[in-house]
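Report on one structure; see the data block that follows.
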Amino acid sequence: MSIKFETKLPATGDLQLLVCGSCGHVNYPARELCGACLSDTLDWQLVDDGGTVQSLTALHYSLESDYADKLPWQVASVKMDCGPVALAHLAPGVSLQDRVILRIMSDQHNNRMLVALGEDRQSATDWLASIEFREDSQ
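Take the sequence shown: its letters are residues 165 to 302, numbered as in this note's numbering.
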């Protein structure tokens, strides 16, 4: 059985996050009010998609059957250049303090999530295909 979860991320590969129209703060995860000034004037906007891996771990167990045969699965805490820190699925070959590009991807059940990709684009492309993640386009 697959799990459907809602991140509220837009269906696009480009990194779009909620930006406050009052103070300019980039908000992640999605919320109704700005985390800095509590304004409700939040709009989805393209933001800088770069970041640095702050910490990482490998998951060796999954309750989700679709991921069980793909373990171990790397997850990282990424300090985004645009401000927030996010948890993201991490492409193979990326290490602590490496620079990454964050993309919004969908899995085979249309769950949208953040994925951190390293410099080796061919390896990342192969990995994304093997785990059935894809970029949506608007």
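Beta carbons are placed, not taken as given, at the ideal position from N, Cα and C, and that holds for glycine.
Whose C-alpha, out of the options, is nearest the C-alpha of residue i?
i    : options                : result
V242 : T221, D271, D300, L235 : T221
M277 : G257, A240, D284, P256 : A240
E296 : N275, R263, D284, R285 : N275
Using the Cα positions of residue i and residue j, report the straight-line distance between them to the nearest angstrom.
i    : j    : result
C198 : Q180 : 15 angstroms
M165 : Q272 : Unreliable positioning characterises M165 in this predicted model, as indicated by a pLDDT of 46, which lies under 50. The coordinate reading is nonetheless provided below. Going from the Cα of M165 to the Cα of Q272 covers about 13 angstroms.
D290 : L254 : 13 angstroms
T171 : C187 : 23 angstroms
P256 : D233 : 16 angstroms
A194 : A252 : 15 angstroms
A200 : L210 : 19 angstroms
E283 : Q261 : 13 angstroms
M244 : L206 : 19 angstroms
L266 : Q286 : 16 angstroms
V190 : L202 : 12 angstroms
Measure how close the beta-carbons of residue i and residue j come, nearest whole angstrom, since I'm counting them as under 8 angstroms.
i    : j    : result
R298 : S259 : Incorrect: roughly 25 angstroms between the Cβ atoms, too far for contact.
G177 : D300 : 7 angstroms
H226 : W208 : The sequence given here places Ser at residue 226; His does not occur at that position. That belief does not hold up - the Cβ atoms of S226 and W208 are roughly 30 angstroms apart, past 8 angstroms.
Along the chain, where does the beta strand (DSSP E) that runs through residue i open and close?
i    : result
D213 : Neither: D213 is in no beta strand (DSSP E) and is coded neither H nor E.
A252 : 249–254
R267 : 263–270
V239 : 237–244
Starting from residue i, follow the alpha helix (DSSP H) in both directions and report where the run begins and ends.
i    : result
A293 : 285–294
A232 : 229–232
In or out: residue i buried (at least 16 other Cβ within 10 Å) or exposed?
i    : result
G185 : exposed
C246 : buried
V249 : exposed
A293 : exposed
L235 : exposed
L281 : buried
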